[in-house]
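Participant: With full-length UniProt numbering, letter number 248 in the sequence shown gets 248, and the count goes up by one each step, no holes. Ideal Cβ placement from N, Cα and C applies to all residues, glycine included. Predicted model, so just to flag it, every value in this text is computed and none were measured.
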Amino acid sequence: MVNRPRLLTALAAAPAAVAAANIVPAATWLPPVRAAFRPELDGRGRADHIALTFDDGPDPRSTPAFLRELDRLGLRATFFLQGAAVLRHPALVRCMAAEGHELAVHCWEHQPPWFPRPAADRHDLERALAAVRETAGTEPLWYRPPYGVLTATRWWAARRLGLRPVLWTAWGRDWQAGAGPDSVLTALRARLSGGATVLLHDSDRNSAPGSWRVTLAALPRLVALCRAASWRIGPLAEHGPVAVTARRAGGTAGAERSPLTD
Numbered sequence: 001m002v003n004r005p006r007l008l009t010a011l012a013a014a015p016a017a018v019a020a021a022n023i024v025p026a027a028t029w030l031p032p033v034r035a036a037f038r039p040e041l042d043g044r045g046r047a048d049h050i051a052l053t054f055d056d057g058p059d060p061r062s063t064p065a066f067l068r069e070l071d072r073l074g075l076r077a078t079f080f081l082q083g084a085a086v087l088r089h090p091a092l093v094r095c096m097a098a099e100g101h102e103l104a105v106h107c108w109e110h111q112p113p114w115f116p117r118p119a120a121d122r123h124d125l126e127r128a129l130a131a132v133r134e135t136a137g138t139e140p141l142w143y144r145p146p147y148g149v150l151t152a153t154r155w156w157a158a159r160r161l162g163l164r165p166v167l168w169t170a171w172g173r174d175w176q177a178g179a180g181p182d183s184v185l186t187a188l189r190a191r192l193s194g195g196a197t198v199l200l201h202d203s204d205r206n207s208a209p210g211s212w213r214v215t216l217a218a219l220p221r222l223v224a225l226c227r228a229a230s231w232r233i234g235p236l237a238e239h240g241p242v243a244v245t246a247r248r249a250g251g252t253a254g255a256e257r258s259p260l261t262d
């Protein structure tokens with residue numbers, strides 16, 4: 001005979017167990033966990049190279065200023081884009097691609113990651129991937145999840161679509177209220193070394209208001225620091241082993257039709 005109280009308890013606990021299993025891979029947000037269990041997420045490349053990456057664009061209020069500064073510095077970078085913003089600002093996205101920057105997938109919109117939603121996660125990634133692909137005419141290789149939280153459902157969705165998840169080696173904590181160029185450089189130096197992937201933000205869409213100005217002010221100082229160490233700076237596509245592995249593992253997987261209008 002079925003023990004009804006135990007059955008009801010098990011059924012009540014099931015959603016929590018599923019949610020817990022979904023969030024376990026998010027422990028890779030912590031650098032020691034990444035280093036021990038998924039070092040490829042740390043974005044390590046050639047020892048003489050720094051991969052410069054930006055999240056949360058395109059943003060017409062701020063991204064053009066970063067494009068101008070990168071052009072002045074003679075640099076190209078990787079931009080992890082929000083799909084909904086790509087469709088709102090297609091001309092800016094095409095300008096980014098035309099100037100030689102690498103375009104990658106961040107999300108459709110910056111949604112909290114905690115609960116398992118495999119179908120919704122895949123749909124969101126499909127839409128974001130299609131937005132970048134169809135707007136810029138490029139094939140993204142990379143995926144960085146919102147908040148750097150790589151849940152099981154997001155990981156599964158990215159791999160099914162031929163995207164390579166990557167987080168970062170060093171970040172500037174530039175999104176925080178009260179951040180300044182000095183604090184951004186201090187945060188970056190804590191884990192900055194040859195072969196690092198640097199995370200910054202070219203928009204304050206999901207950050208403290210005006211924080212992008214801090215990032216912009218810190219950028220030339222970061223570049224000077226890297227050049228003094230004889231590190232080349234560029235996009236993830238030029239980062240060495242990580243980029244080669246991504247190309248081998250990637251592909252053109254994804255929806256056969258555009259999900260942009262779904």
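If we ignore side chains and look at the alpha-carbon of each, how far apart do GLY178 and TRP155 end up?
Facilitator: Cα-Cα distance, rounded: 33 Å.
Participant: Provide the residue span of the alpha helix (DSSP H) that contains residue 286, from first to last.
Facilitator: Absent from the structure is residue 286, since the part of the chain shown begins at 1 and ends at 262.
Participant: Of the choices VAL198, SER207, ASP204, SER230, whose alpha-carbon is the least far from that of LEU219?
Facilitator: Of VAL198, SER207, ASP204, SER230, the residue nearest in Cα terms is VAL198.
Participant: In whole angstroms, what separates the C-alpha of ARG44 from that of PHE54?
Facilitator: ARG44 and PHE54: Cα-Cα distance of roughly 16 Å.
Participant: Name the two residues that bound the continuous alpha helix (DSSP H) containing residue 323.
Facilitator: Residue 323 lies beyond the range of the chain shown here (1 to 262); nothing can be said about it.
Participant: Is DSSP giving LEU87 helix, strand or coil here?
Facilitator: The answer is helix: DSSP assigns LEU87 an H, G or I state.
Participant: Here's the rule I'm using: 16 or more other beta-carbon atoms within 10 Å means buried, otherwise exposed. How should GLY100 be labelled?
Facilitator: Classification for GLY100: exposed.
Participant: Could you give the first and the last residue of the continuous alpha helix (DSSP H) run that contains LEU185?
Facilitator: Taken as a continuous stretch (DSSP letters only), the alpha helix (DSSP H) holding LEU185 covers 181-189.
Participant: Does the distance from the C-beta atom of GLY57 to that of ARG127 stay below 7 Å?
Facilitator: No.
Participant: Tell me the residue span of the alpha helix (DSSP H) that contains THR215.
Facilitator: Taken as a continuous stretch (DSSP letters only), the alpha helix (DSSP H) holding THR215 covers 211-228.
Participant: My output table needs one value for ILE135: the three-state DSSP class, helix, strand or coil.
Facilitator: Per the sequence shown, the amino acid found at residue 135 is Thr instead of Ile. Correct three-state label for THR135: helix.
Participant: Nearest to LEU167 by CA position, among ASP48, ARG38, ASP42, is which residue?
Facilitator: With distances taken between Cα atoms, LEU167 lies closest to ASP42.
Participant: Apart from the five residues just before and just after SER203, which ones in its own chain have a Cβ nearer than 7 Å to its Cβ?
Facilitator: Cβ neighbours of SER203 beyond the five flanking positions: ASP56, GLY57, ASP59, SER62, THR63, TRP212.
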